[in-house]
Each structure stands twice: as structure tokens, then as C-alpha cells.
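Numbering follows this note's numbering, in which position 20 of the sequence shown is assigned residue number 126; successive positions increment by one, without gaps.
Glycine included, every Cβ here is placed at the ideal spot set by N, Cα and C.
If you're wondering where the values come from, they're calculated on a predicted model, not measured in any experiment.
Heads up, the thing below is written out as C-alpha cells.
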Amino acid sequence: MREYLLTLCITAAVTYLLTGPVRKFAIVAGAMPEIRARDVHREPTPRLGGIAMFFGLCAGLLVADHLTNLNQVFEKSNEPRALLSGAALIWLIGVLDDKFEIDALIKLGGQMIAAGVMVMQGLTILWLPVPGVGTVALTQWQGTLLTVALVVITINAVNFVDGLDGLAAGMVCIASAAFFMYAYRIWYSYGIEAAAPATLFAAILMGMCLGFLPHNMHPARIFMGDSGSMLIGLVLAAGAISVTGQVDPDVMNLFSGSERNTVHQTVPVYIPLLLPLTIIAIPAADLILAIVRRTWRGQSPFAADRGHLHHRLLEIGHSHSRAVLIMYFWSALIAFGALTYSVNSASMWIVLGVVVLSAIGLVLLLLPRFTPRAPVWAERFVPPRYRRRKVVPAASQPAVEEVPADEEPRTPVAAGVSGVNGATAVGPRSRLSR
Numbered sequence: 107m108r109e110y111l112l113t114l115c116i117t118a119a120v121t122y123l124l125t126g127p128v129r130k131f132a133i134v135a136g137a138m139p140e141i142r143a144r145d146v147h148r149e150p151t152p153r154l155g156g157i158a159m160f161f162g163l164c165a166g167l168l169v170a171d172h173l174t175n176l177n178q179v180f181e182k183s184n185e186p187r188a189l190l191s192g193a194a195l196i197w198l199i200g201v202l203d204d205k206f207e208i209d210a211l212i213k214l215g216g217q218m219i220a221a222g223v224m225v226m227q228g229l230t231i232l233w234l235p236v237p238g239v240g241t242v243a244l245t246q247w248q249g250t251l252l253t254v255a256l257v258v259i260t261i262n263a264v265n266f267v268d269g270l271d272g273l274a275a276g277m278v279c280i281a282s283a284a285f286f287m288y289a290y291r292i293w294y295s296y297g298i299e300a301a302a303p304a305t306l307f308a309a310i311l312m313g314m315c316l317g318f319l320p321h322n323m324h325p326a327r328i329f330m331g332d333s334g335s336m337l338i339g340l341v342l343a344a345g346a347i348s349v350t351g352q353v354d355p356d357v358m359n360l361f362s363g364s365e366r367n368t369v370h371q372t373v374p375v376y377i378p379l380l381l382p383l384t385i386i387a388i389p390a391a392d393l394i395l396a397i398v399r400r401t402w403r404g405q406s407p408f409a410a411d412r413g414h415l416h417h418r419l420l421e422i423g424h425s426h427s428r429a430v431l432i433m434y435f436w437s438a439l440i441a442f443g444a445l446t447y448s449v450n451s452a453s454m455w456i457v458l459g460v461v462v463l464s465a466i467g468l469v470l471l472l473l474p475r476f477t478p479r480a481p482v483w484a485e486r487f488v489p490p491r492y493r494r495r496k497v498v499p500a501a502s503q504p505a506v507e508e509v510p511a512d513e514e515p516r517t518p519v520a521a522g523v524s525g526v527n528g529a530t531a532v533g534p535r536s537r538l539s540r
């Protein structure tokens with residue numbers, strides 16, 4: 107565990123330290139596109155944040171290769187090299203798209219090629235545990251098609267949800283945390299070495315997202331762009347493919363005892379089929395709804411619009427930060443709910459807890475105008491919008507100047523009011539309208 111945490115910290119540190127220079131490079135290179143109709147931000151913001159994330163990935167793999175226990179992952183498996191090859195290709199395509207706006211079909215072809223590169227180097231699905239049937243071995247073509255489909259779906263789901271500051275990086279970080287716990291349990295509890303690459307991928311992915319988030323939180327100073335969103339989507343898919351199609355369920359020795367006990371014990375075997383879907387449940391739902399919505403209107407499925415889930419949250423009255431936190435909440439509920447159920451599927455308390463938390467999430471969705479207020483002792487630690495408004499005493503208010511009867515009273519004008527001698531150019535002005 108200590109070596110995984112060390113790899114995570116180094117990946118986060120490298121990503122964090124490189125994001126600042128990358129931002130300056132993006133400004134010099136002109137990777138600051140004009141604001142589009144579907145964008146939420148109001149000022150041109152540089153992209154190419156995926157450059158720092160890619161070098162963080164390389165640093166994490168390099169450090170893991172020199173650690174005592176994690177070095178065995180590179181000696182016994184070719185999956186880390188396969189991940190690096192596919193990540194380099196998809197990252198290069200994303201960098202070109204951030205600068206020159208590549209066509210959507212070309213990006214789709216690049217995603218399929220990157221997935222094919224990983225398949226050629228051994229990162230593929232070999233078998234599937236099917237409930238009621240057991241382990242089903244796949245042919246080479248079946249495994250290749252299923253692997254490519256999972257990679258393309260995950261990449262585009264993460265890319266579609268990247269619409270608010272810190273949204274994609276935070277959701278993928280939550281998903282990778284749940285996936286790390288699951289893969290580490292398979293590797294440590296059952297002693298299955300085949301789950302070690304997936305555990306390493308999840309730790310590195312968490313470090314990439316945690317290192318980039320401080321620069322990407324609202325108001326964002328840099329965007330990850332397609333070079334970052336497609337990269338973290340590919341790493342997330344690689345971990346899911348590794349633990350789903352490489353770990354043999356028969357090694358766990360769960361098929362023993364009564365039929366009821368066997369059903370409960372084999373839940374961890376079937377969770378890999380569901381966990382890759384649950385950790386991207388929100389992005390995948392957004393992807394499906396976007397395709398249906400655009401096709402229904404007669405548009406291309408790749409045409410951009412403002413109908414995504416995060417756009418709807420802003421339209422019903424949620425602030426930017428609250429919309430992001432709500433999406434975080436639902437992602438964590440789905441991912442960690444599935445993880446908890448895989449640990450103890452026979453407990454009804456888990457189901458009840460998920461139901462209660464879902465009800466809390468629905469209440470949060472229905473209260474867009476509610477602004478919590480911090481207690482008096484904590485006001486200095488929270489942003490100004492969460493502090494209680496102070497009432498100014500009448501004695502401290504400035505006296506109104508008396509004017510002669512033959513003159514009209516003059517109303518004082520506060521700085522920042524439009525139309526008064528250019529006051530808006532000097533006085534304070536809110537960047538976003540309420």
C-alpha cells in the first residue's frame with residue numbers, strides 16, 4: 107500500500123508542478139479558443155492541460171518501475187507498456203485537437219487505433235464471468251471488439267462530461283478511488299497478482315486528477331482539453347479491462363458450499379462487469395441522452411449543444427460550484443455503493459443507505475436557491491457568500507445632504523452602475539450575472 111501511495115503522490119506532484127508552465131505555453135501557442143455558444147465560462151481560457159497530466163502518468167509509471175514490489179508488475183505483465191503506448195497516441199491526437207480542432211470522425215478513428223494498439227500488446231479481455239453460466243472464454247475477435255468498444259465508450263463519456271470547471275477531473279478521481287479499493291482488495295485479499303496492474307493504473311489516475319484539480323477548480327485557470335479528457339478516459343478504461351478480462355474468477359475459489367452462499371460469495375466476480383459501468387454511470391447517461399437528443403432533432407450525434415446534465419443544473423438555478431458538487435455526489439454514491447455491495451452483498455443496510463443518500467441527492471436537486479449560512483465562529487474560514495449579512499446600524503449611515511427647495515434632489519450613484527460617465531470601466535463589476 108505504501109508504494110501505491112508513493113506513486114500516487116509523485117504523480118500528483120509532477121502534474122501539479124507542470125500545469126503552471128503548461129498554462130503559459132498554451133497561451134504563447136495560442137491554444138485559447140474563442141468562447142462558443144455551449145461554453146459556460148465567460149473569458150478565454152487556455153487548454154492543453156493534458157500535457158501535464160500525460161507527463162504525470164509517465165512519472166508515475168517510471169517511479170513504480172523502480173520500486174521493489176511494483177517492479178514485478180512490469181516484469182510479469184506487458185500491460186503498463188500497452189497503457190503507455192495507447193495513452194501516448196490518444197494524447198497526441200488530443201493535443202492536435204486542442205490546437206487545430208480536428209474533425210470528430212478523425213478523433214473517433216484515433217480512439218479506435220489507440221485501443222487496437224493496447225490490444226496488440228496484450229491489454230485485452232480474455233474471458234467474461236457471466237452470472238448463471240460461469241466463465242466464458244472469448245475468441246480473439248470477440249475480445250478485441252469488446253475491448254475497443256469499452257475504450258471508445260469510456261473516452262467519449264468522460265469527454266462529454268467535461269463541461270464545467272473541475273467536473274471531469276473530480277468525477278474520474280472519485281471513480282478511480284472506488285476502483286482502486288476494489289482492485290486492491292482482489293489483489294491483497296485473494297492474492298491474485300493479475301489484479302496488480304489495474305491497482306497501479308487506478309493509483310496513477312488518482313494522482314493525475316488530484317494534481318490537476320487545484321488549477322481547474324472554479325474559476326479555472328486552465329482546461330484539460332481533449333488531450334486530458336481522452337487521456338484519463340483511456341486510463342480508466344484500461345484499468346477496467348485489466349481487472350475484468352485478465353483476472354480468472356476460478357482462482358478465487360468461490361464456487362463452494364451451498365447454492366445461496368455461492369451466490370453471495372461470487373458477487374465480487376460479477377462486480378467487474380458492473381463497476382466499469384457504474385463509475386462512468388453519470389457520463390454514460392449523459393452520452394446516451396446527448397446522442398438520442400441530437401438524433402431526434404436531425405443533428406449529428408457529434409454536434410455540440412447545451413443540453414448536457416451540467417447545463418441543466420445551471421438552468422434550474424444551481425451555481426457553478428454547487429452543480430459540480432452535485433455531480434460529485436451522484437458519482438460517489440453510485441461508485442462506492444457498488445463497491446460496498448461487492449464487499450457484503452447480504453446486508454440490507456447497504457441498500458437502505460443507498461436509498462437514503464439518493465433521497466438526499468434528490469432534495470439537493472430541488473433546492474437550487476437555498477444558500478447555507480455558516481455559524482459565526484466559522485465565518486472567517488468560508489467564502490463570503492456563505493457568511494451572514496451584517497446589518498448596518500442607522501447611526502452609522504451617512505447623513506443625507508440637505509438641498510435648497512429650488513434645486514432637484516440628487517441621488518448618489520454607486521460605482522459600477524452602467525451609463526454613468528463610464529463608471530463600469532473603473533468600479534467593481536461582477537464577472538457573472540446572478
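First through last residue of the alpha helix (DSSP H) which encompasses residue i
{"i": "Asn175", "result": "Careful: Asn175 lies outside any alpha helix (DSSP H) and carries neither H nor E."}
{"i": "Pro152", "result": "Premise fails: Pro152 is in no alpha helix (DSSP H) and is neither H nor E."}
{"i": "Trp197", "result": "185 to 206"}
{"i": "Leu273", "result": "273 to 295"}
{"i": "Trp483", "result": "Element bounds for Trp483: n/a, residue is neither H nor E."}
{"i": "Gly543", "result": "Nothing about residue 543 can be reported from this structure: the residues present for the chain run from 107 to 540 only."}
{"i": "Gly313", "result": "302 to 322"}
{"i": "Leu252", "result": "246 to 267"}
{"i": "Met218", "result": "210 to 226"}
Separation of residue j from residue i, as counted between CA atoms
{"i": "Arg303", "j": "Gln227", "result": "Reading the sequence as shown, one finds Pro at residue 303 and not Arg. Their Cα atoms are separated by approximately 14 Å."}
{"i": "Asn343", "j": "Val264", "result": "First, the amino acid is wrong: residue 343 is Ala here, not Asn. Looking at the two C-alpha atoms, the distance is approximately 10 Å."}
{"i": "Val134", "j": "Ala165", "result": "25 Å"}
{"i": "Gly272", "j": "Trp247", "result": "38 Å"}
{"i": "Ser425", "j": "Ala289", "result": "35 Å"}
{"i": "Lys130", "j": "Val242", "result": "51 Å"}
{"i": "Leu542", "j": "Leu340", "result": "Any answer about residue 542 is impossible in this case: the structure gives the chain only from 107 up to 540."}
{"i": "Met312", "j": "Met138", "result": "27 Å"}
{"i": "Ile212", "j": "Asn262", "result": "13 Å"}
{"i": "Ala484", "j": "Thr121", "result": "32 Å"}
{"i": "Glu109", "j": "Asn175", "result": "8 Å"}
{"i": "Asp392", "j": "Leu214", "result": "18 Å"}
{"i": "Val469", "j": "Gly459", "result": "15 Å"}
{"i": "Thr401", "j": "Gly269", "result": "21 Å"}
{"i": "Leu234", "j": "Val457", "result": "26 Å"}
{"i": "Pro245", "j": "Leu229", "result": "In the sequence as presented, Pro is not what sits at residue 245; that position holds Thr. Computed Cα separation, rounded: 14 Å."}
{"i": "Val497", "j": "Pro481", "result": "Note that Val497 has pLDDT 47, beneath the 50 cutoff, so the model's placement of it is unreliable and the number below is only indicative. In a straight line, the C-alpha of Val497 is about 16 Å away from that of Pro481."}
{"i": "Leu445", "j": "Leu123", "result": "32 Å"}
{"i": "Met107", "j": "Leu419", "result": "38 Å"}
{"i": "Val128", "j": "Glu149", "result": "18 Å"}
{"i": "Arg291", "j": "Gln405", "result": "45 Å"}
{"i": "Asn395", "j": "Gly467", "result": "The amino acid occupying residue 395 in the given sequence is Leu; Asn does not appear at that position. Taking the straight line from one Cα to the other gives about 20 Å."}
{"i": "Leu252", "j": "Arg486", "result": "53 Å"}
{"i": "Ala326", "j": "Ala132", "result": "14 Å"}
{"i": "Val349", "j": "Gly249", "result": "14 Å"}
{"i": "Asp171", "j": "Arg403", "result": "50 Å"}
{"i": "Leu198", "j": "Ala465", "result": "43 Å"}
{"i": "Phe206", "j": "Ala194", "result": "18 Å"}
{"i": "Arg399", "j": "Ala118", "result": "37 Å"}
{"i": "Cys115", "j": "Leu163", "result": "12 Å"}
{"i": "Ile432", "j": "Leu439", "result": "11 Å"}
CB of residue i within 7 Å of CB of residue j, strictly
{"i": "Gly345", "j": "Ala308", "result": "yes"}
{"i": "Val223", "j": "Gly192", "result": "yes"}
{"i": "Val169", "j": "Thr113", "result": "yes"}
{"i": "Val278", "j": "Ile338", "result": "yes"}
{"i": "Ile219", "j": "Ile347", "result": "no"}
{"i": "Val254", "j": "Ala221", "result": "yes"}
{"i": "Ala284", "j": "Ala441", "result": "yes"}
{"i": "Ile328", "j": "His321", "result": "yes"}
{"i": "Arg153", "j": "Asp203", "result": "no"}
{"i": "Val179", "j": "Leu306", "result": "yes"}
{"i": "Ser437", "j": "His324", "result": "no"}
{"i": "Val258", "j": "Gln217", "result": "yes"}
Any non-hydrogen atom of the ligand GTP closer than 6 Å to residue i Cβ
{"i": "Glu185", "result": "What this structure holds is no ligand at all, so the ligand GTP is not there to describe."}
Closer than 7 Å to chain D by CB, residue i
{"i": "Thr350", "result": "Chain labels in this structure do not include chain D; a single protein chain is all it has."}
So, does the stretch 320 to 338 touch the stretch 151 to 171, judging by three or more C-beta pairs under 8 Å? yes
Would you be able to state if there are at least three C-beta pairs under 8 Å between the stretch 176 to 186 and the stretch 312 to 321? no
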